[in-house]
Amino acid sequence: MFSRERGKDSPRDSLMTVAFAPVKSIQTIKTSPRPGFPSVGIAGSGPALLTLACYLSGRGYPVQVLDRSNHLPGQASSVKAEGAISGQYDRETFNVKPEDLLGQCAHVVIVAPPSTYKELAWSISPWLKAKHTVILYGGGIGASLEFEKHLLTNGVCGVKVAEMDPLFHAEKQNAATIKVHAMRQWGQFASTSPAATFDCDGVVKRLFPKVEPASNLLLRGLCDYQSIVYPVVEAFGADAEMGAALMELINSTYESEDQSNNIFQHLESEINSIADAYSTARISTTHNIRRMYGAIAATPEQAVSMVPKYGQAAPWQDMVRTLSEIVSTVYVPLYELSRLANLRTPAIDSVINMSAVMCGVDFLTHGRTLNRLGLQGLSQREIIRKLNG
Numbered sequence: 042m043f044s045r046e047r048g049k050d051s052p053r054d055s056l057m058t059v060a061f062a063p064v065k066s067i068q069t070i071k072t073s074p075r076p077g078f079p080s081v082g083i084a085g086s087g088p089a090l091l092t093l094a095c096y097l098s099g100r101g102y103p104v105q106v107l108d109r110s111n112h113l114p115g116q117a118s119s120v121k122a123e124g125a126i127s128g129q130y131d132r133e134t135f136n137v138k139p140e141d142l143l144g145q146c147a148h149v150v151i152v153a154p155p156s157t158y159k160e161l162a163w164s165i166s167p168w169l170k171a172k173h174t175v176i177l178y179g180g181g182i183g184a185s186l187e188f189e190k191h192l193l194t195n196g197v198c199g200v201k202v203a204e205m206d207p208l209f210h211a212e213k214q215n216a217a218t219i220k221v222h223a224m225r226q227w228g229q230f231a232s233t234s235p236a237a238t239f240d241c242d243g244v245v246k247r248l249f250p251k252v253e254p255a256s257n258l259l260l261r262g263l264c265d266y267q268s269i270v271y272p273v274v275e276a277f278g279a280d281a282e283m284g285a286a287l288m289e290l291i292n293s294t295y296e297s298e299d300q301s302n303n304i305f306q307h308l309e310s311e312i313n314s315i316a317d318a319y320s321t322a323r324i325s326t327t328h329n330i331r332r333m334y335g336a337i338a339a340t341p342e343q344a345v346s347m348v349p350k351y352g353q354a355a356p357w358q359d360m361v362r363t364l365s366e367i368v369s370t371v372y373v374p375l376y377e378l379s380r381l382a383n384l385r386t387p388a389i390d391s392v393i394n395m396s397a398v399m400c401g402v403d404f405l406t407h408g409r410t411l412n413r414l415g416l417q418g419l420s421q422r423e424i425i426r427k428l429n430g
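In this note's numbering, the protein residues as written are 42 to 430.
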């Protein structure tokens, strides 16, 4: 157990005592494709895509990559991951065409911003068949519902679609190296229904042994703590004035006896209320982070503060882009579900309102609404039945 002192310039800064139990990293090594291991496709862009390519290659899977950024990662003949995992991906199968990817791979992992799901689904739909399983790496609350809806719009049905928690903290060091700072030791996945989750279980757990099936997709999304706290910690919490403004906005909607200077306390309470309203047994943030990283803490604020921070702060433009994606795909679904259940969520509402000003986006119009999830017109009880089977 050790103490960590911080200043008092922002809502995340406080004096706290926490315990951290180090978690042993799982190491993989570069191997040749193992006999009987099926080819795995990865479509998307960025360091997360390359990290997954190295990870799966290191475990012996032949990997095919569809690069959505339309540029090769430098002139190196291979990309290697080092740090919490080690693996190497040879680039001869880097920029394959969609028809080749789906012709050779029954399992496809999508590593892309949710705002690109519609276009990406359109681009791969002509070659998708019932044999395929699509795994969305992250994606917010209800990612599998939205992606499946895009596929149906393009005339594709019968394809299994799952969503899973991100597992790696990684950044690109150069054209040939990805630095993997940490790998989560636990995560969850889900599909559009409990029955669909069961159908995806074998594929997802074979590729990613650290993830477990969630009881429903709402639970999976609510346990992705990193997306939920990003606006508070990275966007508003990094600036004292913005953090104070957010806290003032939240407290202005609470009765005096319910006011607090702890944003995490408000968020945790509101998220638990939404989970209860939809018959979802949510895992607390403290327990969730403990399972992922071994951080032992008494409160959500302490637990979040114990999660290792890696790399440099993102440039303003990248931070705004990430904030926009998260508010659209996490906070907007929470807002819509809370309104349907007649719940008050001042903290969630305040994050949406302040983010709308910062990003210049009307999130309640352009975010992941119930309509985009295919849940429009359903009652609270009907959504509960759909979530829980």
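Ideal placement from N, C-alpha and C gives every residue a C-beta, glycine not left out.
Bear in mind that the values here come from a model prediction, so they are computed numbers and not experimental data.
query	result
Considering I441, what are the terminal residues of the alpha helix (DSSP H) in which it resides?	Here the chain covers residues 42 to 430 and nothing more, so residue 441 does not appear.
When DSSP builds the beta bridges, which residues end up paired with P254?	F230
What first and last residue would you give for the beta strand (DSSP E) that runs through D432?	Because the chain is modelled from 42 through 430, residue 432 falls outside the range shown and cannot be assessed.
Locate the beta strand (DSSP E) running through V175, then write down its first and last residues.	174-178
With DSSP as the reference, please indicate the residues paired to E275 in a beta bridge.	None, per the DSSP bridge assignment.
How big is the Cα-Cα spacing for R413 and V202?	16 Å
Under the rule that 16 or more other beta-carbon atoms within 10 Å means buried, what is P254, buried or exposed?	buried
Is it buried or exposed for G418, if we count other Cβ within 10 angstroms and need 16 for buried?	exposed
Is DSSP giving F188 helix, strand or coil here?	helix
How far does the beta strand (DSSP E) with Q417 in it extend, from its first residue to its last?	First-last for Q417: undefined, no H or E at that position.
From G199 to N215, what distance separates their C-alpha atoms?	40 Å
Cα separation between A344 and V252?	20 Å
Report buried or exposed for K65, applying the criterion of at least 16 other Cβ atoms within 10 angstroms of its Cβ.	Only weak support is given to the placement of K65: the predicted model assigns it a pLDDT of 44, under 50, and the value that follows is read from those uncertain coordinates. K65 comes out exposed.
Kindly indicate which residue of G415, N429, P103 has the alpha-carbon position closest to the one of H148.	P103
Here's the rule I'm using: 16 or more other beta-carbon atoms within 10 Å means buried, otherwise exposed. How should P167 be labelled?	exposed
Just to confirm my understanding: we take Q68, look at its own chain, exclude 5 residues before and 5 after, and list those with CB closer than 7 Å. What are they?	Caution is warranted here: a pLDDT of 47 is assigned to Q68, below 50, making its placement in the model unreliable, and no coordinate value can be reported.
What residue from P387, C400, V371, H173 has the CA that sits closest to Q358's CA?	C400
Would you mind working out which of Y96, K121, K138 sits nearest A84, comparing C-alpha positions?	K138
By a C-beta neighbour count over all protein chains shown, 10 Å radius and 16 as the cutoff for buried, is N383 buried or exposed?	exposed
Going by DSSP, name the residue or residues bridged to I219.	A122, K213
Taking R261 as the reference, which of V244, V150, P235 has the closest Cα?	P235
Report the option in V361, Q267, I269, R422 whose CA atom is closest to the CA atom of S320.	R422
Taking DSSP as the reference, what is the three-state secondary structure of I165?	helix
Around the Cβ of D317, are there at least 16 other Cβ atoms within 10 angstroms (buried) or fewer (exposed)?	exposed
Helix or strand or just coil, what does DSSP make of T201?	The amino acid occupying residue 201 in the given sequence is Lys; Thr does not appear at that position. Residue state, collapsed to three classes: strand.
Closer than 8 Å is the cut-off here; do at least three beta carbon pairs connect the region 218-227 with the region 268-284?	no
Would V368 and R409 be called neighbours here (beta carbons separated by less than 7 Å)?	no
Can you tell me which of S110, S396, Y130, L375 puts its alpha carbon nearest to the alpha carbon of L263?	L375
Using 7 Å as the threshold, is the C-beta distance between P154 and E366 below it?	yes
Considering only the alpha carbon of each residue, which of T218, E212, M205, S268 lies closest to V244?	M205
Considering only C-alpha positions, which residue in the set T218, A237, F209, I219 is nearest to G228?	F209
Give me the Cα-Cα distance between T174 and D265, rounded to the nearest whole angstrom.	22 Å
Is DSSP giving V361 helix, strand or coil here?	helix
The alpha helix (DSSP H) that contains G335, what's its start and end?	That residue, G335, is in no alpha helix (DSSP H); it is neither H nor E in DSSP.
Thinking L143 and I165 are a contact (beta carbons under 8 Å), I'd like their distance in whole angstroms, please.	6 Å
Output the distance between the C-alpha atoms of R100 and G82, rounded to the nearest integer angstrom.	14 Å
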